[in-house]
Amino acid sequence: MNGSEGSAPIGRSGDTIFAVASGASRAAIAILRLTGPISGAIVKTVAGRLPAPRVATLATFRDPATGEPIDQGLVIFFQAPRSYTGEDGAEFHVHGGRAVVAGLIAAIGSIDGARAAEAGEFSRRALMNGKLDLGQVEGIGDLVAAETAAQRRQALRQTEGLLGRRAGRWRAALIEASARIAADIDFSDEGDVAAAPALDVAPIIAPVLAELRSELDAARAGERIREGLTIVIAGPPNAGKSTLLNALARRDVAIVSKHAGTTRDVLEVELDLGGYAALLIDTAGLRETADPVEQIGVSRALARAQKADLVLWLSEIGDGQAPDERLGGPELWRIATKADLAPDAVPSVGLCVSAASGLNLDILLDRLTHFAGQAGGAGHEGIITQERHRKSIAEAEGALARIQSNPDLAVEIIAEDLRAALFALERLVGRVDVEDVLGDIFSKFCIGK
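Going by our numbering, the first residue of the sequence shown is number 490, and it counts up by one from there.
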């Protein structure tokens, strides 16, 4: 048996690709994977024989040109279609020293028909060969990039096919509705057509429409998990914004000075709030100023605050300065700062904290963590994690809403709206019209995926 005997389709180029799948740093073990029509032949050439499929086998790997041993390790052969990509493939598990990995890469790369993989090319082949849908591919990319527990959980649901399963259920219902409408069109010459075709399919599309709307309502939560919350610290100059940023970040990020207007630009710090990613942003103090550089800082502060998920408005305890009216509509919490300088003062509104002494910082962090969980839709397994998902589901929802809200629609228009909804769902999972998004998706992948 050799690698050319697999039965699955191959990548569009027809060649066999390889890459290190275990990262570039030195480690105890490195994994080099390959996929394509001559995978079996490569294994036989480098390892001396082709082991039984899916069985980890100890072998000595040699340079094909010289026969010199490179390393001794495990090799696993995956015969099509029972592999990640659906093609013949293999994995070499070797010692993780750079010289060992470089020697194995050179040995495989010297074989005609083998080449180094491009970013995301393994997953692209899995998609093209029907082993993954587009949502699963995106989930894999998100799982590799996940930095918080919430991001990991959400990405894992996508890799397990949550998006594809829900879209498949909706698609099956709409196909049934389309069949009913097609029958009405076929028998229209005989006069045997429902008086109100939209009402005839209403029981089928109503549950789908309700679920689509539920997903759209929860869409921002999924995007917040993936991209992280944006929390802006705003307030007048010298209100303790930079000091609070440093305290929450647990390191010196911003320059702290008693002189007002020290911060001229935005400073960003990534936080993990109970498993939810957040970007904490320190901004320039908001005040009227003739300094052109400070004016730029104020403009940038307002721009970031207006797009934030949450604004922390800081003012010194006893000051109680009202929030700037230019901040716009984000949720806003008032925080009284420098409580250590006035221990007997009572803030008129909001939470009283001291970044210097740590007073109530634990309470603020608890509240921020709770807010992050609520904003991230804790407990809701939404499928919308990217703008592409939102757009496709919104298009399907719009088409079905037209049918539901217009019971007197002509049967041909109903059929067209059902086709539009089906097309949007097929684009959601990558069945159609997908090439324009693949480049962007796979450009974010590591080489070995």
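C-beta atoms are modelled at their ideal positions from N, C-alpha and C, and glycine is treated no differently.
For E876, which of helix, strand or coil comes out of DSSP?
DSSP places E876 in helix when its eight states are reduced to three.
Name the two residues that bound the continuous alpha helix (DSSP H) containing L698.
686–706
Applying the criterion that 16 or more other CB atoms from any shown protein chain within 10 Å of the CB defines a buried residue, is L547 buried or exposed?
exposed
Does the stretch 721–732 come within contact of the stretch 788–808, defined as at least 3 CB pairs closer than 8 Å?
yes
Rounded to whole angstroms, what is the Cα-Cα separation between E884 and V583?
49 Å
Are three or more beta carbon pairs between the stretch 697–715 and the stretch 616–625 nearer than 8 Å?
no
Nearest-angstrom beta carbon gap, L857 and L762 [assumed within contact, 8 Å]:
5 Å
Whole runs of the alpha helix (DSSP H) within the stretch 710–745, excluding any shorter than 4 residues:
730–738
Might you give, ordered along the chain, the residues of its own chain that have their beta carbon closer than 8 Å to the beta carbon of G575, omitting 5 neighbours on each side?
A497, P498, A569, R614, A615, N618, G619, K620
Alpha-carbon spacing of H748 relative to R815, whole angstroms
No answer about H748 holds up, because its pLDDT of 49 lies below 50 and its placement is not dependable.
Hey, out of T505, S932, E665, whose CA is closest to D601's CA?
Residue T505 is the option with its Cα nearest to D601.
How far does the alpha helix (DSSP H) with A904 in it reach, from first residue to last?
900–917
Compare the Cα-Cα distances from E820 to each of D813, A797, V842 and report the closest residue.
A797
Do L898 and A686 come within 9 Å of each other at the CB atom, strictly closer than that value?
With the sequence shown as reference, residue 686 is identified as Pro, and Ala is not the correct amino acid for it. The answer is yes: Cβ separation under 9 Å.
Identify whether E494 lies in helix, strand or coil by the three-state DSSP scheme.
For E494, the predicted model reports a pLDDT of 40, less than 50, meaning its position is unreliable and no value from the coordinates is stated.
Could you give the distance in angstroms between the alpha-carbon of A541 and the alpha-carbon of G937?
24 Å
What does the Cβ neighbour count give for V437, buried or exposed, with the cut at 16 atoms within 10 Å?
The requested residue 437 does not occur in the structure, where the chain is confined to residues 490 to 938.
Rounded to whole angstroms, what's the CA-CA distance from D906 to P896? Just pull it up for me.
13 Å
DSSP beta-bridge partners of I770:
Beta-bridge pairing links I770 to V721, E757.
Outcome for I629 when other beta-carbon atoms lying within 10 angstroms are tallied against a minimum of 16
buried
Would the beta-carbon of G866 fall within 9 Å of that of G724?
no
Residue closest to I720, alpha-carbon to alpha-carbon, out of A792, R655, R641, L688:
Out of A792, R655, R641, L688, A792 has the C-alpha closest to the C-alpha of I720.
Counting pairs of beta carbons, one from the stretch 884–893 and one from the stretch 908–924, are three or more of them closer than 8 Å?
yes
State the start and end residues of the unbroken alpha helix (DSSP H) segment that holds R856.
If you look at R856, you'll find it in the alpha helix (DSSP H) that goes 850–864.
Cβ-Cβ distance between L760 and A766 below 9 Å:
yes
What is the DSSP secondary structure of S781, reduced to helix, strand or coil?
Residue 781 is actually Pro in this sequence, not Ser. In this structure, P781 counts as helix in the three-state DSSP scheme.
Excluding sequence positions up to five away, which residues of its chain have a Cβ less than 6 Å from the Cβ of W822?
L801
Run the CB neighbour count on T772, radius 10 Å, all protein chains shown included, and call it buried at 16 or more, exposed below.
Label assigned to T772: buried.
Between which two residues does the beta strand (DSSP E) containing D552 stretch?
Element bounds for D552: n/a, residue is neither H nor E.
Secondary structure of I565, DSSP reduced to three states:
strand
So, is V535 buried or exposed, given that buried needs 16 or more other C-beta atoms within 10 angstroms?
buried
Per DSSP, the bridge partner or partners of I520
H582
Anticipated Cβ contact below 8 Å, V697 with A656, distance rounded
The pair is not a contact, with the Cβ atoms about 10 Å apart (cut-off 8 Å).
Using a Cβ-Cβ cutoff of less than 6 Å, which residues in the same chain neighbour A545 once the five nearest sequence positions on both sides are dropped?
L563, I565
What's the call for L917, buried or exposed, on a 16-neighbour Cβ count within 10 Å?
buried
Quick check on the DSSP output: the alpha helix (DSSP H) that includes R823 runs from which residue to which?
For R823, no alpha helix (DSSP H) run applies; the uninterrupted beta strand (DSSP E) run containing it begins and ends at 820–826, by DSSP.
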